[in-house]
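Participant:
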Amino acid sequence: MQPRLTNPHKLAPEGIKAMMALEASFNQSGLEESLRHLVKLRASQINGCAFCIHMHTTDARKHGDSEMRLYMLNAWRESSLYSERERAALAWTEALTLVAQTGAPDADYALVKAQFSDAEQVQLTLLIGAINTWNRLQVGFRAAHPVSEKDKAAA
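As structure tokens, then:
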């Protein structure tokens with residue numbers, strides 16, 4: 101895979117600065133860090149963003165999430181590894197990431213409403229929107245994820 105642009109972030113510094121400010125705001129959002137990682141990873145899986153999948157699995161591991169929870173995320177509906185709050189957030193992530201197909205179903209919103217305050221609902225929705233924007237930047241411009249020597253040897 102060949103990147104389409106060498107460094108798209110340098111070509112739109114004000115937009116990237118705004119995105120980074122939005123990202124920083126999530127630290128004070130009331131949303132747990134582990135939940136934020138799961139949401140970002142799940143949206144990135146749906147969007148096929150290898151760069152972001154690499155980043156968010158790495159970050160989730162660094163912050164204590166288990167390998168098994170990361171492996172099972174794609175099948176979260178069939179796994180008992182996720183809390184009701186995480187399940188609601190993951191359902192909302194899928195609904196909004198695929199909004200053209202889902203229309204953001206009332207059933208998914210009901211799950212979110214039961215688990216999150218009104219302010220947290222807005223923060224969660226902003227988080228989902230932000231990761232979808234990052235995914236589109238990385239996938240659209242074919243950003244390559246880092247590859248370790250160990251990974252190269254295994255290939």
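If you use this note's numbering, the sequence shown corresponds to residues 101 to 255, in order.
Positions of the beta carbon are idealized from the N, C-alpha and C atoms, including for glycine.
1. Going residue by residue through the region 124–203, where are the continuous beta strand (DSSP E) segments of at least 3 residues, counting only ones entirely within it?
2. Using beta-carbon positions only, say whether tryptophan 234 and aspartate 208 come within less than 7 Å of one another.
3. Using 7 Å as the threshold, is the C-beta distance between methionine 172 and serine 179 below it?
4. Counting along the chain, where does the alpha helix (DSSP H) carrying valine 212 start and finish?
5. Please name the residue in Arg185, His245, Ala253 whose C-alpha comes closest to that of glutamine 102.
6. Comparing alpha-carbon positions, which option in Ala230, Glu249, Val247, Ala243 lies nearest glutamate 72?
7. Along the alpha helix (DSSP H) that carries histidine 109, what are the first and last residues, could you check?
8. With a Cβ-Cβ cutoff of 7 Å, do arginine 136 and phenylalanine 126 count as a contact?
9. From leucine 224 to leucine 211, what distance separates their C-alpha atoms?
10. If distances are taken between C-alpha atoms only, which option among Asp206, Gly240, Leu198 comes closest to phenylalanine 151?
Facilitator: Let's see:
1. DSSP runs (the beta strand (DSSP E)) wholly in the region 124–203: none.
2. Result no, Cβ atoms of tryptophan 234 and aspartate 208 do not sit closer than 7 Å.
3. Yes.
4. Taken as a continuous stretch (DSSP letters only), the alpha helix (DSSP H) holding valine 212 covers 206–215.
5. Here the closest residue by C-alpha is His245.
6. As displayed, the chain neither begins before 101 nor continues past 255, which places residue 72 out of reach and without an answer.
7. For histidine 109, the enclosing alpha helix (DSSP H) starts and ends at 108–111.
8. Yes, Cβ-Cβ distance for arginine 136 and phenylalanine 126 is below 7 Å.
9. In a straight line, the C-alpha of leucine 224 is about 13 Å away from that of leucine 211.
10. Closest by alpha carbon: Gly240.
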